[in-house]
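Sequence positions in the sequence shown follow mature numbering (1 follows the signal peptide of the UniProt record, and there is no 0) and run -18 to -1, 1 to 87.
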Amino acid sequence: MARVLLVLLLLGLAPGLARPLEPCPGPCRCRGRRLNCSGAGLARVPSATRQRPFSVLDFTGNALAVISPQAWKGYPWAEKLVLQDNRLQAVKRRSLEGLLLLRHL
Ligand SMILES: *[C@@H]1O[C@H](CO)[C@@H](O)[C@H](O)[C@H]1NC(C)=O
């Protein structure tokens, strides 16, 4: 009986150990190197860890109004950032700090 329990415990832990990537940030969908947060009702950029190398960040149709200078800390590999249909008044230079590879905005 104890052995069966142990096996069940190990099986329960296994998916967590086997997962190669960080979970997808916030309510977004992740597909390869693309983060799709379109229409996710976001008021702020969800935090991510650098381990997941997104190259495309799609925030179309959210409620982003201000973007803190720290927001992109977890997205140093982003090359494309889509901010259409949000509540941004202006994108300040400092708002994009940390996006080292950004080429398309
Ligand atoms: C992103 O997610 C939305 C909502 O689920 C979906 O309609 C859209 O097709 C997705 N875009 C891409 C490029 O996967």
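Beta carbons are placed, not taken as given, at the ideal position from N, Cα and C, and that holds for glycine.
Asked	Found
Would the beta-carbon of residue 73 fall within 9 Å of that of residue 42?	no
Under 7 Å, CB to any heavy atom of ligand 1. Which residues pass, going along the chain?	11, 13, 16, 18, 20, 21, 40
For residue 85, which of helix, strand or coil comes out of DSSP?	coil
Distance check for residue 84 and residue 6, CA to CA, integer angstroms please.	21 Å
Considering Cα atoms alone, identify which of 70, 34, 66, 71 is closest to residue 58.	34
Given that a residue counts as buried once 16 or more other Cβ atoms are within 10 Å of its Cβ, and exposed if not, what is residue 17?	buried
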